[in-house]
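Student:
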Amino acid sequence: GYAVPPPTSQPNYSSTYTIIQQPATTTSVVVVGGCPACRVGVLEDTFTCLGVLCAIVFFPIGILFCLALRQRRCPNCGAAFG
Ligand SMILES: [Zn+2]
Numbered sequence: 046g047y048a049v050p051p052p053t054s055q056p057n058y059s060s061t062y063t064i065i066q067q068p069a070t071t072t073s074v075v076v077v078g079g080c081p082a083c084r085v086g087v088l089e090d091t092f093t094c095l096g097v098l099c100a101i102v103f104f105p106i107g108i109l110f111c112l113a114l115r116q117r118r119c120p121n122c123g124a125a126f127g
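The sequence shown begins at 46 in this note's numbering and counts up by one.
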């Protein structure tokens, strides 16, 4: 007998799927006023209750305390920064 070569019936389709992976746009540039925690939200100046209370009680000097005690809060993740 003689060896029968194995049937090479495999399709020769070059099925090359080019999976396009879009790189995550991790912008390392810190946006001015942006939240450093989530980098999505924009920090907003909010007056703390203590600051507002000082502004009322120690008016008008309390206004300075109110301005000094304000903190920057992120509306997205809720992180507050002094
Ligand atoms: Zn945030």
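All C-beta atoms in this analysis are idealised placements derived from N, C-alpha and C, irrespective of residue type, glycine included.
So which of I106, V102, T53 and L88 has the shortest CA-CA distance to G123?
Tutor: L88
Student: Given the structure, does G127 come close to ligand 1, in the sense that its CB is under 7 Å from one of the ligand's heavy atoms?
Tutor: Answer for G127: no, Cβ out of range of ligand 1.
Student: Within 10 angstroms of its Cβ, does A100 collect 16 or more other Cβ (buried), or is it exposed?
Tutor: That one is buried.
Student: Give every residue of the same chain whose Cβ lies closer than 7 Å to the Cβ of Q116, excluding the five residues on either side of it in the sequence, and list them in chain order.
Tutor: T91, T93, A125, F126 and G127
Student: Using the C-alpha atoms, what's the distance from P81 back to P120?
Tutor: Approximately 12 Å between the Cα atoms of the pair.
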